[in-house]
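These notes concern the structure reproduced below.
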Amino acid sequence: MLSDLSIQMITWNVKEEQCHSDLTQLLGIETTGANGHQLADIYAIGLQEVPFETINTEIPTEHTWAKSFNKVLEQVGYSCLEKVQMNGVVLLVFAKSNKLSHFTSVQLYAHTY
1 MLSDLSIQMI
11 TWNVKEEQCH
21 SDLTQLLGIE
31 TTGANGHQLA
41 DIYAIGLQEV
51 PFETINTEIP
61 TEHTWAKSFN
71 KVLEQVGYSC
81 LEKVQMNGVV
91 LLVFAKSNKL
101 SHFTSVQLYA
111 HTY
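Note that full-length UniProt numbering gives residue 35 to position 35 of the sequence shown, counting from 1, and the numbers run on in steps of one.
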């Protein structure tokens, strides 16, 4: 059981741009690991206005932004728990790989109002 669980939530309006950014600063990490502080156990990342041409509804992880976050976070020991998208809105949830056994069910839903 996890007694202390830290979650970092990030929201970003990417303004229909492709991912050309270095995401390590946004995530608070360097390519060599933590930037002098302990990294969160979970990253929940919400993106708005993701360009439609980068979204593949058959394989949501294939869009540029998800690939970019996945690449950076995998290098420091994270795995993608879940992802969901609705039009230009994407939610990605990553957890430390060594904590995955603590998660038995993660569900994300896309709803329209």
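All C-beta atoms, glycine included, are put in the ideal place defined by N, C-alpha and C.
Item	Value
Proximity of V14 and V72 at Cβ, strictly below 8 Å	no
Nearest-angstrom Cα separation, counted from G88 out to E82	17 Å
Cβ pair L23, F69 closer than 8 Å	yes
Whole-angstrom distance between L47 and T64, CA atom to CA atom	12 Å
Beta bridge counterpart(s) of S79 as assigned by DSSP	A95
Of the residues A44, V90, M86, the one placed nearest S79, counting alpha carbons only	A44
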